[in-house]
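S.K.: Dropping a structure here in structure tokens format, bear with me for questions.
In this note's numbering, the protein residues as written are 26 to 299.
Set out below in structure tokens:
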């Protein structure tokens, strides 16, 4: 059985780690290199570093911040934000990233995923998907009369999620499930799936979304958005069928340590690396 991974995430804006709710109202959480070093000592399985406004503002990747972070840690490092082409990926891998996360560029140019996987190896290419639930009113449902004489609803709405880009600011019209399947076929090595509806709320991951994507693709899925306690991590790995869980607030603000998270999961029967 493959061990499940616990992955702290550093959302970075202008060189500082930040955390918000549903991608807005960001607050400062510290220096990325210093925080990364703490997670390394606590034996996090990986670290994700996302420059969350780079794509929107068309800024270059903060190479020096990535370099400083990479120099202080020994666990695998995934970096995303502002990646537009193969050269951006090469620069990141050169300064110490082990993987790159592509979101906006992948949607705008899907062939970039295939080209990058061929050039650098699929294990280096993570496609990030920011998903927002679509709320649409259902037509008046047909009904059926039960033996008791009561009326019962015969139609239930099936939830859908839309892919967003540019740091969660721009809807694309892409259905998340269809985009995830395509990403798998394009050659991505992993999917980083974030629920925009749950992000920063600390009310738990979107388990239905996570499960649907995990069951639909052949590559690993990292669940992201909504972790508020250790039970939420467990639910995402079991009910959500994710291969890894990503969290920010509960680790950044020292509500739980990586060690506490892993020990909790181990006691619940989840395979983890201690």
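Glycine included, each C-beta is placed from N, C-alpha and C at the ideal position.
Candidates 111, 158, 96 and 148: which alpha carbon is nearest residue 140's?
M.R.: Counting from one through the chain shown, the residue named residue 140 turns up at place 115. The shortest Cα separation from residue 140 among 111, 158, 96 and 148 belongs to 111.
S.K.: DSSP on residue 268, reduced to helix/strand/coil?
M.R.: As a first step, residue 268 must be located in the chain shown, where it is residue number 243. The answer is coil: DSSP assigns residue 268 none of H, G, I, E or B.
S.K.: Am I right that residue 31 and residue 62 are in contact with their C-beta atoms under 8 Å? What's the rounded C-beta distance?
M.R.: Residue numbering aside, residue 31 sits at position 6 when the chain shown is read from its first letter. Residue numbering aside, residue 62 sits at position 37 when the chain shown is read from its first letter. Actually they do not touch by this definition, with Cβ atoms about 17 Å apart.
S.K.: Contact defined as beta carbons within less than 8 Å: I believe residue 131 pairs with residue 152. What is the distance between those atoms, to the nearest angstrom?
M.R.: Against the chain shown, residue 131 aligns to sequence position 106. Against the chain shown, residue 152 aligns to sequence position 127. Confirmed, Cβ separation roughly 5 Å.
S.K.: Residue 205 and residue 242 look like a contact to me (Cβ under 8 Å); what is the Cβ gap, rounded to whole Å?
M.R.: One-based indexing of the chain shown puts residue 205 at position 180. One-based indexing of the chain shown puts residue 242 at position 217. Right, their Cβ atoms sit about 5 Å apart.
S.K.: Among the candidates 38, 93, 36 and 207, whose CA atom is the shortest distance from the CA of residue 137?
M.R.: For the purposes of this step, residue 137 is identified with residue 112 of the chain shown, where counting begins at 1. It is 207 whose Cα lies nearest to the Cα of residue 137.
S.K.: Drop a sphere of 10 angstroms on the beta-carbon of residue 57, count the other beta-carbons inside from all chains shown, and report buried for 16 or more, exposed for fewer.
M.R.: Working through the chain shown from its first residue, we reach residue 57 at position 32. Its Cβ being crowded by 16 or more others within 10 Å, residue 57 is buried.
S.K.: Would you call the stretch 256-265 and the stretch 227-247 in contact, with 3 or more CB pairs under 8 Å?
M.R.: Contact between the stretch 256-265 and the stretch 227-247 is present, because at least three Cβ pairs lie under 8 Å.
S.K.: By DSSP, does residue 189 sit in helix, in strand, or in coil?
M.R.: To locate residue 189, count along the chain shown from 1; it is residue 164. Three-state DSSP puts residue 189 in a strand.
S.K.: Measure the C-alpha to C-alpha separation of residue 262 and residue 120 and round it to an integer number of angstroms.
M.R.: Here residue 262 refers to the residue found at position 237 of the chain shown. Here residue 120 refers to the residue found at position 95 of the chain shown. Using only the alpha carbons, I get a separation of about 32 Å.
S.K.: Contact defined as beta carbons within less than 8 Å: I believe residue 118 pairs with residue 186. What is the distance between those atoms, to the nearest angstrom?
M.R.: Translated into the one-based positions of the chain shown, residue 118 becomes position 93. Translated into the one-based positions of the chain shown, residue 186 becomes position 161. Actually they are not in contact, since the Cβ atoms of residue 118 and residue 186 sit about 31 Å apart, beyond 8 Å.
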